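Student:
There are 2 protein chains.
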Amino acid sequence: MRQSKLFTKTRREAPADEVAKNAQLLVRAGYIHKEMAGVYDFLPLGLLALNKIITIIREEMNAIGGEEVLLSTLQDPEAWKKSGRWDDTVVDIWFKTQLKNGSELGLGNTHEEALTTLMREQIASYKDLPRYVYQFQNKFRNETRAKSGIMRTREFIMKDLYSFSQDETSHTEFYEQAAAAYEKIFERAGIGAKTYRTFASGGSFSKYSHEYQTVCDAGEDTIYVDEAKRIAVNKEVYDDPDVYAATGIDKAGLKEKKAIEVGNIFTLGTRFSEALGLSFKNVAGESKSVFMGSYGIGPARLMGTIVELMSDDKGLVWPASVAPFAVHLVSLGKDGDEITKTADALYDDLIKAGVEVLYDDRDARAGEKFADSDLLGMPKRIVVGKDAVATGEFEVVDRATGAVAKKTRAELLVR
Amino acid sequence: MRQSKLFTKTRREAPADEVAKNAQLLVRAGYIHKEMAGVYDFLPLGLLALNKIITIIREEMNAIGGEEVLLSTLQDPEAWKKSGRWDDTVVDIWFKTQLKNGSELGLGNTHEEALTTLMREQIASYKDLPRYVYQFQNKFRNETRAKSGIMRTREFIMKDLYSFSQDETSHTEFYEQAAAAYEKIFERAGIGAKTYRTFASGGSFSKYSHEYQTVCDAGEDTIYVDEAKRIAVNKEVYDDPDVYAATGIDKAGLKEKKAIEVGNIFTLGTRFSEALGLSFKNVAGESKSVFMGSYGIGPARLMGTIVELMSDDKGLVWPASVAPFAVHLVSLGKDGDEITKTADALYDDLIKAGVEVLYDDRDARAGEKFADSDLLGMPKRIVVGKDAVATGEFEVVDRATGAVAKKTRAELLVR
């Protein structure tokens, strides 16, 4: 798109009230807008990046047999009372509201209750299992503090998948497929090398769960990493000897790191199916509770993690898989001159070739354009100045490495 | 996709508490699930159809220069107090909630306040205008009654676009472009012929607004239609002589119809920019309030309207542009027989050819499969039975007309 049409502007300084690097940079670059503490709007470039992440996750969920749905934010208390999670003393991050007749409603902070209830109409026999159902849906959590930018917010899109299996054996098989899909997602999003499958406490559901933790100083969690085995242990269970017995990890060799939880996978067992009456008839005709799991990733937290890890002192640095545009085409021309004509023509050719291009066609100084280009962080910058017109070769700058190459138009159009 | 993997089942009878035809059929076909009165979940087939509608709308909004964002549900009261719309006696459909510190928040029922506030950082000069910003975002409205299925719900995705112009002249130019885009959307969604641009009251913003009303007995609105001019007048302003003076419509020739409001476009003028301080410097260097408009369409209401208009006594009938799948491939084979092999091979070929296919590969009776296929409503049904194996010709049934054709595999694979 032409940058002259983009409604967002960059700013030199971050707002004083933003303490997290991800929010400082994303606000400065015009990717997000702070609506209030812990609540952000996604502006055009931010939404493009978020949607790239969502697409990666969707593709990997579909690849393991996930079926996409969209459940509601407004939640009837009934199912939550059955599961014991309606009370504010049990779940302390509820936002609640009321119908006009005074009945209380909740704003969904997760969807085990709603989906388990819904699946009672869809699962009757072992022939109806397994099922894997997921959504990208807004969650609401009444966090007391919100200081981590877009990594911990009061309102956020979450990908939550729930698995419904006959028994623990078939559950475990899918659980490992989901784990492999999560690794692909983090790899594709550019943070695979720093992300560790991490043993964590299972909460009320099972003894352990797994988190995906990305090593980063901005993280709120502390983990202990076995780099050779590419596995880690969350501080919560670091002192539990059973973890080491179960995994063969040598506690002595672990290194303490700060990390960001970018995903988690839980074995729920029959915790919700029993409470909410989701059962099926097995091959022998006996009634059994469905064995469940849940699998979460917050796309915006993933986006914030990428910013925390990859940005530099000039601004954002996006991996190609997540960048709003693959190329930032920067014209140094003035209205109607040869440089502008060359840049316009190259823009048209790139679009025709299917390249996603942000075209800086604004009437602005070169220094301002380069600074903005660094701040916005597209993977490649193509510069069109006097030299390009004279030689037919364009300067191509790699945002991550700073490496400069010269390429002809034909070379730029090869995909 | 293979229907044996689809987790939703059809049901013969609609739930007793569903009075609207659209909800009755969509629930029976497994497209939606009722979470509570006025709140529905979208199941896989329903979400596919909804996303087809969203894609049509997005393409037409992008074509007129719209830039997509995603604003928040949680709303700080401050801006709403400035515009005078926070009070429950002024806006009677608020859902409100609270932060832990007791501060009140609203759940957005529209986004003039939030976006106008946000744009103060982005608009300073006439050079920054015009701007057209839109989103697909969940709205929350505390409706007292909710009896129209997915056409009037307490929680629903809305496409809302807001225009920011220098003055009324440039606003009006865009307003007419938006009107043309709306007509394209309704045309593409298959309801163009029954949809009328309709004069309605402007509410607090301007003397008149325009609604898009689709003639349908299930509608909650009453309009008066001039069929020759393809224009209508809402009952609200039917007795206002100014309407006829302004439009040249002859009141005597109008026909009364029930209709569903599928979209609306409003001239807001400076109602919000003045209240919230969104101004710009014009060419002469004078400070002026930005001239605004708003443009809404609810994709789920549009989906419900299509169901109300096009379904028949056998079930749903989707236009090709909105159908979850273009083709319903129905195999009458048993495990491992020639029919199944032929159907499997045709399924693979159709997928490779880029056709969106739902493949009924279930072990079920032919009568049940045909009844389900009619209920689900894909535009074309391809039947694979004994005859197809013997002759190499497949029966293709048009869902809307019932017309039957015979086609070879090669003919089916031509796109």
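From first to last, the protein sequence lines stand for chains Z and U. The first sequence maps to residues 1 to 415 in this note's numbering. The second sequence maps to residues 1 to 415 in this note's numbering. Glycine residues also receive a C-beta, built at the ideal position from the N, C-alpha and C atoms. Remember, predicted model here, so these are calculated numbers, not experimental data.
Rounding to the nearest angstrom, what Cα-Cα distance links F280 (chain U) and V91 (chain U) in this structure?
Tutor: Against the second sequence, residue 280 (chain U) aligns to sequence position 280. Against the second sequence, residue 91 (chain U) aligns to sequence position 91. So the alpha carbons of these two residues sit roughly 29 angstroms apart.
Student: On the three-state DSSP scale, how would you describe R301 (chain U)?
Tutor: Numbered from its first residue, the second sequence carries residue 301 (chain U) at position 301. The answer is helix: DSSP assigns R301 (chain U) an H, G or I state.
Student: For the candidate residues U:K82, U:D349, U:A326 and U:D76, whose alpha-carbon lies nearest to that of L99 (chain U)?
Tutor: Taking the second sequence and counting its residues from 1, one reaches residue 99 (chain U) at position 99. L99 (chain U) has its Cα closest to that of U:D76, out of U:K82, U:D349, U:A326 and U:D76.
Student: Are V19 (chain U) and K147 (chain U) close, meaning C-beta to C-beta below 8 angstroms?
Tutor: One-based indexing of the second sequence puts residue 19 (chain U) at position 19. One-based indexing of the second sequence puts residue 147 (chain U) at position 147. Going by C-beta atoms, V19 (chain U) is nearer than 8 angstroms to K147 (chain U).
Student: What does T144 (chain U) reach in chain Z if we use C-beta pairs closer than 8 angstroms?
Tutor: Position 144 of the second sequence, counted from the start, is the residue given in the question as residue 144 (chain U). Residues of chain Z passing the Cβ test: K100.
Student: Tell me whether the region 236-247 of chain U and the region 273-290 of chain U touch, counting them as touching only if at least three CB pairs, one residue from each stretch, are closer than 8 angstroms.
Tutor: In short, these stretches do not touch, since the Cβ pair count stays below three.
Student: Taking beta-carbon pairs under 8 angstroms, can you tell me which members of the region 63-78 of chain Z lie near chain U?
Tutor: Answer in chain order: G65, E67, E68, V69, L70, L71, S72, T73, L74, Q75 and D76.
Student: Would a C-beta distance cut-off of 8 angstroms place V283 (chain Z) and I53 (chain Z) closer than the cut-off?
Tutor: Translated into positions along the first sequence, residue 283 (chain Z) becomes position 283. Translated into positions along the first sequence, residue 53 (chain Z) becomes position 53. No, the Cβ-Cβ distance between V283 (chain Z) and I53 (chain Z) is not below 8 angstroms.
Student: For E176 (chain U) and G354 (chain U), I'd like the C-alpha separation in whole angstroms.
Tutor: Mapped onto the second sequence, residue 176 (chain U) falls at position 176. Mapped onto the second sequence, residue 354 (chain U) falls at position 354. Distance between the alpha carbons of E176 (chain U) and G354 (chain U): 36 angstroms.
Student: List the whole-angstrom C-beta distance separating F291 (chain Z) from H171 (chain Z), where the pair is believed to meet the contact cut-off of C-beta under 8 angstroms.
Tutor: Position 291 of the first sequence, counting from 1, holds the residue named residue 291 (chain Z). Position 171 of the first sequence, counting from 1, holds the residue named residue 171 (chain Z). 5 angstroms between Cβ atoms; contact.
Student: Taking the CB atoms as reference points, tell me whether G385 (chain Z) and T408 (chain Z) lie closer together than 8 angstroms.
Tutor: As a working mapping, residue 385 (chain Z) is identified with position 385 in the first sequence. As a working mapping, residue 408 (chain Z) is identified with position 408 in the first sequence. Contact flag unset, no.
Student: Opposite F156 (chain Z) in the DSSP bridges: which residues?
Tutor: Here residue 156 (chain Z) is taken as the residue at index 156 of the first sequence, counted from 1. Paired residues: Z:K139.
Student: Work out the CA separation of S331 (chain Z) and A388 (chain Z) for me, nearest whole Å.
Tutor: Translated into the one-based positions of the first sequence, residue 388 (chain Z) becomes position 388. Translated into the one-based positions of the first sequence, residue 331 (chain Z) becomes position 331. Rounded to the nearest angstrom, the two C-alpha atoms are 10 angstroms apart.
Student: Do M61 (chain Z) and L129 (chain Z) have their C-beta atoms closer together than 8 angstroms?
Tutor: As a working note, residue 61 (chain Z) is residue 61 in the first sequence. As a working note, residue 129 (chain Z) is residue 129 in the first sequence. No. Outside cutoff.
Student: Report yes if the CB atom of I150 (chain Z) is closer than 8 angstroms to the CB atom of I56 (chain Z), and no otherwise.
Tutor: The residue you call residue 150 (chain Z) lines up with position 150 of the first sequence. The residue you call residue 56 (chain Z) lines up with position 56 of the first sequence. Against a cut-off of 8 angstroms, the Cβ pair of I56 (chain Z) and I150 (chain Z) comes out as no contact.
Student: Just to make sure I have the definition right: I need the residues of chain U whose C-beta is within less than 7 angstroms of the C-beta of V39 (chain Z). Which are they?
Tutor: Against the first sequence, residue 39 (chain Z) aligns to sequence position 39. Ordered by position in chain U, the residues that pass the 7 angstroms Cβ test against V39 (chain Z) are S72 and L74.
Student: Would you kindly check if the distance between the Cβ of L329 (chain Z) and the Cβ of T10 (chain Z) is under 8 angstroms?
Tutor: Reading the first sequence from its first residue, position 10 is the one you call residue 10 (chain Z). Reading the first sequence from its first residue, position 329 is the one you call residue 329 (chain Z). No, Cβ-Cβ distance for T10 (chain Z) and L329 (chain Z) is not below 8 angstroms.
Student: Spell out a yes or no on whether the region 109-117 of chain Z and the region 78-96 of chain Z are touching, meaning 3 or more CB-CB pairs, one atom from each, closer than 8 angstroms.
Tutor: Cβ pair count under 8 angstroms is three or more, so yes.
Student: Can you tell me where the beta strand (DSSP E) with N264 (chain U) in it begins and where it stops?
Tutor: Here residue 264 (chain U) refers to the residue found at position 264 of the second sequence. Its beta strand (DSSP E) spans residues K255 to G269.
Student: Do we get a CB-CB distance below 8 angstroms when we pair F291 (chain Z) with the residues of chain U?
Tutor: By 1-based counting over the first sequence, the position of residue 291 (chain Z) is 291. F291 (chain Z) does not count as touching chain U.
Student: What are the start and end residues of the alpha helix (DSSP H) that includes V389 (chain Z)?
Tutor: The count along the first sequence starts at 1 and reaches residue 389 (chain Z) at position 389. Element bounds for V389 (chain Z): K386 to T391.
Student: Bridge partners of H171 (chain U), per DSSP?
Tutor: For the purposes of this step, residue 171 (chain U) is taken as residue 171 along the second sequence, with counting starting at 1. Its beta-bridge partners do not exist; DSSP assigns none.
Student: Please state whether the Cβ-Cβ distance between F199 (chain U) and T267 (chain U) is less than 8 angstroms.
Tutor: Numbered from its first residue, the second sequence carries residue 199 (chain U) at position 199. Numbered from its first residue, the second sequence carries residue 267 (chain U) at position 267. Cβ atoms of F199 (chain U) and T267 (chain U): not closer than 8 angstroms.
Student: For A179 (chain U) versus I265 (chain U), is the C-beta distance shorter than 8 angstroms?
Tutor: Position 179 of the second sequence holds residue 179 (chain U). Position 265 of the second sequence holds residue 265 (chain U). Yes, they are a contact pair.
Student: With a threshold of 7 angstroms on Cβ separation, who are the neighbours of A14 (chain U) within its own chain once the five nearest residues in sequence on each side are excluded?
Tutor: Taking the first residue of the second sequence as 1, we reach residue 14 (chain U) at position 14. Cβ neighbours of A14 (chain U) beyond the five flanking positions: Q24, V27 and R28.
Student: Does the beta carbon of K288 (chain Z) come closer than 8 angstroms to any beta carbon on chain U?
Tutor: Position 288 of the first sequence, counting from 1, holds the residue named residue 288 (chain Z). Not an interface residue.
Student: What separation, rounded to the nearest whole angstrom, lies between the Cα atoms of S287 (chain Z) and E211 (chain U)?
Tutor: Counting from 1 along the first sequence, the entry for residue 287 (chain Z) is found at position 287. Counting from 1 along the second sequence, the entry for residue 211 (chain U) is found at position 211. The straight-line gap from Cα to Cα measures roughly 54 angstroms.
Student: Let me confirm a value: A228 (chain U) is counted as buried when at least 16 other C-beta atoms fall within 10 Å, else exposed. Which label applies?
Tutor: Along the second sequence, one-based indexing puts residue 228 (chain U) at 228. Under this definition A228 (chain U) is an exposed residue.
Student: Quick test of your reading: V225 (chain U) and K255 (chain U), contact by CB under 8 angstroms. State the CB separation rounded to the nearest angstrom.
Tutor: Here residue 225 (chain U) refers to the residue found at position 225 of the second sequence. Here residue 255 (chain U) refers to the residue found at position 255 of the second sequence. Going by Cβ atoms, the distance from V225 (chain U) to K255 (chain U) rounds to 5 angstroms, so yes, they are a contact pair.
Student: To the nearest angstrom, how far is it from the Cα of M158 (chain Z) to the Cα of A343 (chain U)?
Tutor: Mapped onto the first sequence, residue 158 (chain Z) falls at position 158. Mapped onto the second sequence, residue 343 (chain U) falls at position 343. Those two C-alpha atoms are separated by around 38 angstroms.
Student: Does D250 (chain Z) pass the burial test, meaning 16 or more other C-beta atoms within 10 Å, or should it be called exposed?
Tutor: Position 250 of the first sequence, counted from the start, is the residue given in the question as residue 250 (chain Z). Result: exposed.
Student: Identify each residue in the region 122-134 of chain Z for which the Cβ-Cβ distance to at least one residue of chain U is less than 7 angstroms, and report them in chain order.
Tutor: So the close ones are Q122, R131 and V133.
Student: Could you list the residues in the region 146-175 of chain Z with a C-beta less than 8 angstroms from some C-beta on chain U, going in chain order?
Tutor: The residues in question are R154 and E155.
Student: Counting only Cβ pairs nearer than 7 angstroms, list the residues of chain Z close to N481 (chain U).
Tutor: A query on residue 481 (chain U) cannot be resolved here, the shown segment of chain U reaching from 1 to 415 and no further.
Student: Counting C-beta neighbours from all protein chains within 10 Å, is the total for N22 (chain Z) 16 or more, i.e. buried, or is it exposed?
Tutor: For this step, residue 22 (chain Z) is matched to residue 22 along the first sequence. By the neighbour-count rule (16 or more Cβ atoms within 10 Å), N22 (chain Z) is buried.
Student: How should D335 (chain Z) be labelled, buried or exposed, when 16 other C-beta atoms within 10 angstroms of its C-beta is the threshold for buried?
Tutor: Position 335 of the first sequence, counted from the start, is the residue given in the question as residue 335 (chain Z). It counts as exposed.
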